[in-house]
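One structure is given below, encoded as structure tokens.
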Amino acid sequence: MTLSELRLVPAALTAWLATAVGLLTRSPGWALVIVAAAALIMVAVSGQSLLIGGIAGSIVAAADVRRRAAEAIELPRVIVGRLATHAPDTVARLRVPGLPDTLTVFTEEPVGLSAGTEVIARVQYDAADHPGLIPVVAHGTLNTTGEPPHGWVHHVRTTFAEAVSTSVAGDHRGLIPGMVLGDTSLQPPAAADVYVATGLSHLSAVSGSNVAIITTTAVVLCRLLTLGPRAQVGAAGLALTAFTLLVGPQPSVLRAALTGLVGLVAVVASSRMTPLHALSLAILVLLLVQPGLAVDLAFALSVSATAGIVCLSPLFSRVLWRALPSRRAHDSDDGSPGVVCRAIGVAVAADVVTLPLIALATGEVSTVSILANLLVAPVTAPITVLGMVAAVVALLPGGAEAVLLVVVSPLSWWVHTVATTLSALPFSTVPASTPVVALGYGWFVAGAWALDLHHDFHRGAPHSRR
Numbered sequence: 033m034t035l036s037e038l039r040l041v042p043a044a045l046t047a048w049l050a051t052a053v054g055l056l057t058r059s060p061g062w063a064l065v066i067v068a069a070a071a072l073i074m075v076a077v078s079g080q081s082l083l084i085g086g087i088a089g090s091i092v093a094a095a096d097v098r099r100r101a102a103e104a105i106e107l108p109r110v111i112v113g114r115l116a117t118h119a120p121d122t123v124a125r126l127r128v129p130g131l132p133d134t135l136t137v138f139t140e141e142p143v144g145l146s147a148g149t150e151v152i153a154r155v156q157y158d159a160a161d162h163p164g165l166i167p168v169v170a171h172g173t174l175n176t177t178g179e180p181p182h183g184w185v186h187h188v189r190t191t192f193a194e195a196v197s198t199s200v201a202g203d204h205r206g207l208i209p210g211m212v213l214g215d216t217s218l219q220p221p222a223a224a225d226v227y228v229a230t231g232l233s234h235l236s237a238v239s240g241s242n243v244a245i246i247t248t249t250a251v252v253l254c255r256l257l258t259l260g261p262r263a264q265v266g267a268a269g270l271a272l273t274a275f276t277l278l279v280g281p282q283p284s285v286l287r288a289a290l291t292g293l294v295g296l297v298a299v300v301a302s303s304r305m306t307p308l309h310a311l312s313l314a315i316l317v318l319l320l321v322q323p324g325l326a327v328d329l330a331f332a333l334s335v336s337a338t339a340g341i342v343c344l345s346p347l348f349s350r351v352l353w354r355a356l357p358s359r360r361a362h363d364s365d366d367g368s369p370g371v372v373c374r375a376i377g378v379a380v381a382a383d384v385v386t387l388p389l390i391a392l393a394t395g396e397v398s399t400v401s402i403l404a405n406l407l408v409a410p411v412t413a414p415i416t417v418l419g420m421v422a423a424v425v426a427l428l429p430g431g432a433e434a435v436l437l438v439v440v441s442p443l444s445w446w447v448h449t450v451a452t453t454l455s456a457l458p459f460s461t462v463p464a465s466t467p468v469v470a471l472g473y474g475w476f477v478a479g480a481w482a483l484d485l486h487h488d489f490h491r492g493a494p495h496s497r498r
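Taking this note's numbering, the leading residue of the sequence shown gets 33, the next gets one more, and so forth.
Written out as structure tokens, the structure is:
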């Protein structure tokens with residue numbers, strides 16, 4: 033990987049760190065110091081100082097302008113806004129006219145409203161204990177004032193949930209709308225807890241993986257029909273658009289869509305854009321549009337997992353492949369790892385980089401998350417794709433979606449069974465601090481890297497003596 037392929041990485045990391053510091057300190061001073069220091073450090077690399085100073089500096093400045101605008105607004109005790117996300121519990125995020133970001137509202141009773149619903153809130157304000165553009169949080173009551181503007185999205189979710197409830201029995205049915213539309217309304221609290229304990233809760237949230245599955249399916253179908261690259265890109269774009277319309281224009285969906293779109297461009301133009309370059313571009317665009325993401329845990333987990341998979345999964349796959357006693361009998365000409373080794377490498381890489389963040393947020397980590405994700409990996413894509421088709425068919429008369437749901441049901445049962453079985457094991461979750469987890473996995477990565485170098489050295493030694 034050449035330096036030109038990594039040219040946006042320093043700017044993206046600097047912009048992220050500086051924006052986060054600006055929001056934490058609620059001042060641009062230290063944020064600009066970080067930008068200037070990064071530009072000076074990279075002055076020896078052609079063009080990097082200009083990129084860092086121009087791009088990261090602009091993002092920090094834009095974030096500070098929006099932060100100051102939010103602080104200058106005097107919010108009334110009665111406000112009218114729209115739900116930015118679905119609010120099934122006692123936390124709602126409102127889009128309020130004039131505010132540069134969403135306002136978090138805590139209620140005593142579950143809200144139970146869909147994204148886009150217009151509400152009137154009677155609230156009191158407290159200082160926010162989490163950094164962000166908005167310096168306060170609200171506590172009070174919400175009442176609806178009208179129909180949600182995205183009535184289509186609400187109709188899709190309720191229709192599909194009713195179809196699943198009719199066709200599928202058991203606690204595992206809640207996974208189907210969760211994995212397809214991000215709708216967790218059918219998941220019992222106990223089921224949601226075991227998904228969290230086994231590292232499978234991400235399956236029920238709309239993320240870049242959903243986008244990747246949908247767009248990849250479209251590309252594969254086009255290739256089976258011997259269609260060209262342009263048709264493949266067009267089909268993937270249409271699939272991405274349809275997915276966004278079905279799930280709804282929530283912030284998390286739009287972030288996943290943008291990440292998926294950048295990833296799609298990187299795949300199609302792989303000779304001109306590496307995955308890390310595409311990821312850096314996505315980070316910069318998202319921070320410019322939503323500076324609050326710089327201090328958002330979900331965003332950090334998503335970016336870290338993607339970067340870990342790109343950077344570390346090839347290393348882990350190679351080390352595992354070379355450790356297998358029977359691999360020489362099945363080795364390919366280029367020595368590339370087999371499918372199973374690559375799958376394990378992806379799961380391990382994602383866990384290695386995200387577990388320190390999870391430990392920081394929760395104080396504990398799952399010891400079975402790698403195994404759980406490996407066991408459910410074969411059924412994740414079929415549930416997503418078939419479930420998406422069933423969600424569309426459910427909008428039509430005739431009840432044909434029941435046939436698809438009969439196929440999906442045992443697959444979701446398998447995911448639920450893996451979660452409940454592994455969560456019941458002793459020490460499935462253990463208390464852990466971020467430094468301990470980071471240090472432990474740091475040595476793990478160093479050991480894998482040393483084994484890889486050792487193998488390459490001994491493999492190349494005979495050639496060097498010739």
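Note that beta-carbon positions come from the ideal geometry of N, C-alpha and C, so glycine has one too.
Review point. For Ala44, which option in Val92, Val77, Arg58 has the closest C-alpha, if you only look at C-alpha atoms?
Key: Val92
Check your understanding: Per DSSP, Asn175 forms a beta bridge with which residues?
Key -> Ile152
Practice item. Please report how far the alpha carbon of Gly148 lies from the alpha carbon of Ala201, in whole angstroms. Key: 30 Å
Point to revise | Proximity winner among Arg100, Val168, Val424, Ser81, relative to Pro60 (alpha-carbon distances) | key: Arg100
Review point. On the premise that Thr461 lies in contact with Val397, defined as a C-beta separation below 8 Å, what is that separation, rounded to the nearest angstrom?
Key: 7 Å
Practice item. Please confirm whether Val500 and Val417 have their CB atoms less than 8 Å apart. Key: The question about residue 500 has no answer here: the residues shown for the chain are numbered 33 through 498.
Check your understanding: If you draw a straight line from the alpha carbon of Ala382 to that of Ser336, how long is it in whole angstroms?
Key -> C-alpha separation (whole angstroms): 8 Å.
Review point. What is the DSSP secondary structure of Ser398, counted as helix, strand or coil?
Key: strand
Check your understanding: Whose CA, out of Leu406, Gly130, Ala119, lies closest to the CA of Leu13?
Key -> With the chain running from 33 to 498 in the structure shown, residue 13 is simply not present.
Point to revise | Segment limits, alpha helix (DSSP H) that includes Pro307 | key: 307–321
Review point. Between Ser312 and Leu318, what straight-line distance do the alpha-carbon atoms span, to the nearest angstrom?
Key: 10 Å
Review point. Grouping DSSP H, G and I as helix and E and B as strand, with all else coil, what is Pro163?
Key: coil
Review point. By a C-beta neighbour count over all protein chains shown, 10 Å radius and 16 as the cutoff for buried, is Leu40 buried or exposed?
Key: buried
Practice item. For Leu325, collect the residues of the same chain with a Cβ closer than 7 Å to its Cβ; drop the 5 residues on either side in sequence, then sort them by chain order. Key: Leu318, Leu319, Phe331
Review point. When DSSP labels each residue in this structure, what does Ala504 get in the three-state scheme?
Key: As displayed, the chain neither begins before 33 nor continues past 498, which places residue 504 out of reach and without an answer.
Check your understanding: Roughly how many whole angstroms lie between the Cα atoms of Glu103 and Ala50?
Key -> 19 Å
Review point. Thinking C-beta only, is Ala47 closer than 8 Å to Ala88?
Key: yes
Check your understanding: In angstroms, rounded to a whole number, what distance separates the CA positions of Ala393 and Thr386?
Key -> 11 Å
Review point. Who are the near neighbours of Asp366 in its chain, counting only those whose CB is closer than 6 Å to its CB and skipping five residues on each side?
Key: Residue placement at Asp366 is poorly supported in this model, since its pLDDT is 49, which falls under 50; the coordinates still yield a value, given next. Here the set comprises nothing.
Check your understanding: My guess is that Leu107 and Val137 are in contact by the Cβ rule of under 8 Å, so how many angstroms apart are they, rounded?
Key -> Distance from Leu107 to Val137 at the Cβ level is roughly 11 Å; contact not present, criterion being Cβ atoms closer than 8 Å.
Point to revise | Between the CA atoms of Val477 and Arg498 - distance to the nearest angstrom | key: Below a pLDDT of 50, predicted positions are generally treated as unreliable, and Arg498, at 42, falls in that range; the measurement from the model is reported next regardless. Taking the straight line from one Cα to the other gives about 33 Å.
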